[in-house]
Amino acid sequence: NSFFTLEATGYALLALLKGGHMEEAAVTFRWLNENRGIGGGYGSTQSTMVVLQALSEYLVKRPPPNDLNLLVQLSVPGRSDTPWNFNPKVAYVARSSQV
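Written out as C-alpha cells, the structure is:
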C-alpha cells in the first residue's frame, strides 16, 4: 500500500465518522489496523499522523461493547493486590497505581 492510499483512507475514516456511518467506519478501521507497517507506523510522517488521528477518533466515538467485563489483578510481591474492573460504565475511566 502506498502512503497516499493510507493517508486517503485515514481521511475517509474521519469523513465516515463525521457523517455518523459507524458500520462503514468499523470496516475502514479494521483495514487500517491490518495495514500498519513494521514499528506501528503508516509510512510517511504525514500519513501516520492522519491515520492515527482517524483511528483515535473512531475509538472515542465507538461505544464500548455491552458485554465488556474484564477483571485485571495487578500482583507485586510484597504488596497487596490491586484489582481493576472494566465494564461499560467505567470503560474509559483512567486508572493508575505505583508499582
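Numbering of the sequence shown is given in full-length UniProt numbering, commencing with residue 1 and proceeding in unit increments. Where a beta carbon is used, it is the ideal one built from N, C-alpha and C, also for glycine. This structure is a prediction, so every number in the text was calculated from the model and none was measured.
- The criterion of a C-beta distance shorter than 8 Å is not satisfied by Leu70 and Ser97.
- Here the region 34-47 lies against the region 4-12, with 3 or more beta-carbon pairs under 8 Å apart.
- For Trp31, no pairing in a beta bridge is given by DSSP.
- Taking a cut-off of 8 Å on C-beta distances, the region 12-29 touches the region 53-61, as three or more cross pairs fall below it.
- The continuous stretches of alpha helix (DSSP H) do not include Leu68, and DSSP gives it neither H nor E.
- Look at Gln46 here: in three-state DSSP terms it is helix.
- Taking a 10 Å sphere around the C-beta of Leu68, we find fewer than 16 other C-beta atoms and assign the residue as exposed.
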